[in-house]
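Here is the structure we will look at.
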């Protein structure tokens, strides 16, 4: 997760960091970096993996009431301070777009990373992207080229909208990932469902191998980009 304090500016709302990035003012601090990080982890656990452990009523699209999520987390040791405002602040400032918020209905959901079944039919189609990216390890590379991309622990494949982001994500698992490009435009045109989960992540149930191409090792790509 991300380690920055979260504050609120009178003029521009919630922000991460020491000052409002829009006006430079020092607002009211809602959470220090540690509190924001720990709260985001609990939110992710509830919304991505185990809503039943938090006694949350989740609809088929993954939405829960912000007020109920706040109450559920507040029952945990060390989280008595949590209120709906804190939930909103974490969600609306998340730098990776991990959460969707429906302010009109007072709802929140995880945008990606699910290990539980959710219906993503209400997500926008990823038609704005011609190419998406996936970082592969040495071990999975040949399998992907032969059989396509399929989910393993998560319910959906996660594709990066930006090349640099794919490289960074891949290095969590291996020093020099093999970067694959996905012909998203052709795949969607052929009926493959790819949804936009955030500005940085698109998700799909599967990507057949005919839409997957090898860009190369991350280290080689980075040298070429310099």
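Residue numbers (the numbering used here): 1114 to 1339. Where a beta carbon is used, it is the ideal one built from N, C-alpha and C, also for glycine. Quick caveat: nothing in here was measured; it's all calculated off a predicted structure.
Contacting residues, own chain, Cβ-Cβ under 6 Å from residue i (five flanking each side not counted)
i: residue 1276; result: 1246
i: residue 1174; result: 1232 and 1235
i: residue 1161; result: 1223, 1226 and 1227
i: residue 1287; result: 1250
i: residue 1314; result: 1225 and 1271
Simplified DSSP assignment, three categories, for residue i
i: residue 1271; result: strand
i: residue 1314; result: strand
i: residue 1124; result: coil
i: residue 1248; result: strand
i: residue 1167; result: helix
i: residue 1293; result: strand
i: residue 1129; result: strand
i: residue 1326; result: strand
i: residue 1215; result: strand
Proximity of residue i and residue j at Cβ, strictly below 8 Å
i: residue 1257; j: residue 1316; result: no
i: residue 1253; j: residue 1297; result: no
i: residue 1179; j: residue 1221; result: yes
i: residue 1312; j: residue 1210; result: yes
i: residue 1283; j: residue 1248; result: yes
Cβ shell of residue i (< 8 Å), same chain only, five flanking positions each side left out
i: residue 1334; result: 1276, 1280, 1292 and 1328
i: residue 1196; result: 1183 and 1187
Separation of residue j from residue i, as counted between CA atoms
i: residue 1163; j: residue 1184; result: 16 Å
i: residue 1302; j: residue 1295; result: 13 Å
i: residue 1262; j: residue 1156; result: 28 Å
i: residue 1299; j: residue 1228; result: 28 Å
i: residue 1306; j: residue 1239; result: 8 Å
i: residue 1331; j: residue 1339; result: 13 Å
Nearest to residue i (by Cα), restricted to the options the options
i: residue 1171; options: 1151, 1223 and 1128; result: 1223
i: residue 1126; options: 1161, 1198, 1309 and 1154; result: 1198
i: residue 1326; options: 1255, 1308, 1204 and 1181; result: 1255
i: residue 1212; options: 1191, 1259, 1137 and 1152; result: 1152
Test: residue i CB closer than 8 Å to a CB of chain E
i: residue 1166; result: The structure shown contains no chain E; it holds only a single protein chain.
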